[in-house]
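Colleague:
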Amino acid sequence: MAAMVASRCHAKARRLLGCVVTAAIVAAQVAAVSFALGVRSASSMTVATLKEKLREKGLPTSGLKAVLVKRLQEAESEGLSGGYSRLTVAQLKAKCSELGLSKLGRKADLVARLEDAASEVNPKDAAAAAGFSVGDKVMALFEEEEEEYEALVQCDNGDETYLISWTEDGFEHTQKAENMRLLKRAERDFGFSAGNKVEGLYHEDNVWYPARVKCINESGTYTIIWEDGAEYEIEEQDLKPAAPLISLADLQPRQRFSGRVARTFSFGTFVNIGAERDGLLKPWFTYEGEEHVFKEGDKVQAFYEDDQDYYEATVQKDHGDGTFLVSWDGDGEEHVAKRTQLKLLRLAELDEGSKVEVLVESVMTDKDGQQKLFLATVEDKIGLKEPRRKVDLSGFEENQWLSGKVSRILPFGAFVQVTSPEGESAEGLLHIREIREGFIANLEDELGLGQHIKVRVKYLNKDEGVLQLSMME
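The sequence shown: position 85 = 85 (full-length UniProt numbering), numbered continuously.
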């Protein structure tokens, strides 16, 4: 009897368990069907309806239809009543403060307040009505992830797209207005936008330098990029629009300009006068007379006998006997050089970045059709042809054999730097026919730049400064 009762109890328990399992399966199937119906329902909605549903839930409404469908499905599958309900109270208050809304009330009040604010903004209508302004804080679609992220408007491209920078990492991105929605208007109008050419006041020098606006910062300052590539944070009051560039076609000889010294090369110094391109200031056009009197601070090329070559140096002292103390720019070591061993690069007062008053010497067009601007600081030399540099050949004699170093290679021959037994250095021409007997198709197969060779003085004209060399007897 007891066994029978126990058997019946077990059977009843199995039936009850089966009912529970069956009910769970049915519930799961109903949920799956409901979700599937929800998926099909969202997919069949129009874009306008999808956006309306998303606004009701306080969710973003930007993006393509597939993005909107996915966003709505995720919200409904999670059973969320609104996108802001997932945030903590502290996060909700921070978001309200950011958007200029009241932070008072319970969590439900904060969520409702943010959802109402979101539903009031239709990004497409807002963009069509007024567009976005530089400095506006927005939510913008990042297509690769199909997600919205906070960004700052940097520039209106004028074609219903905007250059923005993501708040999180500062990277730039171009986005359509329809894929952006306003979070907060800029607190003021910005006078410049990303990409603008400007002049910025560098306070350490108290000088205005050309630059380009990289971006507007959340703090209201700008980040600009100087011409040398360095970045600098600056207030708007220390910026001004770059002056329009002067056309080279409008320049005439003897016009005066205030310029700023740029870089110096072996052939001269470039000066920025605000023209389409910098002007070249050759050394001869910077001093009175035919011969320059070297002084402390002058930038020169000085001849170094051991290497039979010229190196950049700075004049330290005039000994008064035709020799000068110079210091090599490379290592700072000092060296004594004769006046004939110095070539002027630029005057001491023409230091890079310094101001200089210049005159237009000429505007010339080269064989490639490019216009070039030449400048002068000595008005009496304008229009004159720079004379050939006088070379001291007093220590050379015809038929002398000398050690030399190839300094330049040209199609018709090479220039070789040689030094006389008395120490005078000069550059002589080694014609291609004077290298060896027979035809030479390619000169570079015979000589290399910097190569040390033995040469003979074939022809010498000390008055004209002509030195011709040969490698043959």
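Backbone N, C-alpha and C define an ideal beta-carbon position, used for all residues, glycine too.
Using the Cβ count rule (16 or more neighbours within 10 Å means buried), how would you classify G268?
Modeller: The residue in question, G268, is buried, as its Cβ has 16 or more Cβ neighbours within 10 Å.
Colleague: In the DSSP output, what is A242 paired with across the bridge?
Modeller: Its beta-bridge partners do not exist; DSSP assigns none.
Colleague: Would you list, in sequence order, the uninterrupted alpha helix (DSSP H) runs of no fewer than 4 residues that lie entirely inside the UniProt domain "SAP" (84-118)?
Modeller: The qualifying runs are 89-98.
Colleague: Within the same chain, show all residues whose beta-carbon is closer than 6 angstroms to that of Y202, passing over the 5 residues directly before and after it, in chain order.
Modeller: Contacts found: Y209.
Colleague: Less than 8 angstroms between the CB atoms is what I'm expecting for residue 476 and S407, so what's the real figure, rounded?
Modeller: Coverage of the chain is limited to positions 1 through 473, which leaves residue 476 absent and any answer about it impossible.
Colleague: With DSSP as the reference, label E52 as helix, strand or coil.
Modeller: If DSSP states are grouped into helix, strand and coil, E52 belongs with the helices.
Colleague: Compare the beta carbon distance of V358 and F257 with 8 angstroms and say whether it is the shorter of the two.
Modeller: Contact flag set, yes.
Colleague: Leaving out the 5 sequence neighbours to the left and right, which residues in its chain are closer than 6 angstroms to E352 when beta-carbon positions are compared?
Modeller: Closer than 6 angstroms at Cβ, skipping near neighbours: V261.
Colleague: Please look up how many angstroms separate the CB atoms of P253 and S362, rounded, as I've assumed it's under 8 angstroms.
Modeller: 6 angstroms between Cβ atoms; contact.
Colleague: Out of E172, E218, A151, Q237, which one is the CA nearest neighbour of V198?
Modeller: For the residues E172, E218, A151, Q237, the minimum Cα distance to V198 belongs to Q237.
Colleague: Just mark K184 as buried or exposed, buried being the case when its beta carbon has 16 or more other beta carbons within 10 Å.
Modeller: Label assigned to K184: exposed.
Colleague: Between the segment 274-287 and the segment 339-354, do at least 3 Cβ pairs fall closer than 8 angstroms?
Modeller: Result yes; three or more Cβ-Cβ pairs closer than 8 angstroms.
Colleague: Along the chain, where does the beta strand (DSSP E) that runs through F257 open and close?
Modeller: Run containing F257: 256-265, per the beta strand (DSSP E) assignment.
Colleague: I224 bridges to which residues according to DSSP?
Modeller: Per DSSP, V213, Y232.
Colleague: I believe Y162 touches M139 by the beta-carbon criterion, under 8 angstroms. Please report the beta-carbon distance rounded to the nearest angstrom.
Modeller: In fact, because the Cβ distance is near 13 angstroms, the residues do not count as touching under 8 angstroms.
Colleague: Tell me whether Q154 sits in a helix, a strand or coil according to DSSP, three-state version.
Modeller: Strand at Q154.
Colleague: In whole angstroms, give me the CA-to-CA distance for F396 and A313.
Modeller: Cα to Cα, F396 sits roughly 26 angstroms from A313.
Colleague: Taking Cβ to Cβ, would you say residue 483 is nearer than 8 angstroms to G450?
Modeller: Not covered by the structure: residue 483. The range shown for the chain is 1 to 473.
Colleague: In the DSSP output, which residue or residues are listed as bridge partners for Y287?
Modeller: None; Y287 has no bridge partner.
Colleague: How would you write the range of the beta strand (DSSP E) that D309 sits in, first residue to last?
Modeller: Segment 309-318, the beta strand (DSSP E) holding D309.
Colleague: Applying the criterion that 16 or more other CB atoms from any shown protein chain within 10 Å of the CB defines a buried residue, is V134 buried or exposed?
Modeller: Its Cβ being crowded by 16 or more others within 10 Å, V134 is buried.
Colleague: Return the Cβ separation of residue 538 and F294 in integer angstroms, given the expectation that the two are a contact with Cβ distance under 8 angstroms.
Modeller: Outside the modelled stretch of the chain, which goes from 1 to 473, sits residue 538, for which no answer is possible.
Colleague: Distance check for A426 and F265, CA to CA, integer angstroms please.
Modeller: C-alpha separation (whole angstroms): 21 angstroms.
Colleague: Looking at the unbroken beta strand (DSSP E) that takes in V271, where does it start and where does it end?
Modeller: 268-272 is the extent of the beta strand (DSSP E) around V271.
Colleague: Report yes or no: do three or more beta-carbon pairs, one from the segment 301-316 and one from the segment 411-425, lie closer than 8 angstroms?
Modeller: Yes: at least three Cβ pairs fall under 8 angstroms.
Colleague: Identify the continuous beta strand (DSSP E) that holds H173 and give its terminal residues.
Modeller: Segment 172-176, the beta strand (DSSP E) holding H173.
Colleague: Are there 16 or more other CB atoms within 10 angstroms of the CB of Y84, so buried, or fewer, so exposed?
Modeller: By the neighbour-count rule (16 or more Cβ atoms within 10 Å), Y84 is buried.
Colleague: When DSSP labels each residue in this structure, what does N461 get in the three-state scheme?
Modeller: Of the three classes helix, strand and coil, the one that applies to N461 here is strand, per DSSP.
Colleague: Are the beta-carbon atoms of S175 and I216 separated by less than 8 angstroms?
Modeller: Looking at the sequence itself, residue 175 is Gln, so the reference to Ser does not match. Contact flag unset, no.
Colleague: Any chance you could list the beta strand (DSSP E) runs of at least 3 consecutive residues sitting entirely within the segment 371-412, in chain order?
Modeller: Listed in chain order, the complete beta strand (DSSP E) runs (minimum 3 residues) inside the segment 371-412 are 371-376, 401-410.
Colleague: Can you say whether A243 is buried or exposed, counting buried as having 16 or more other CB atoms within 10 angstroms of its CB?
Modeller: Looking at its Cβ environment, which holds fewer than 16 other Cβ atoms inside 10 Å, A243 is exposed.
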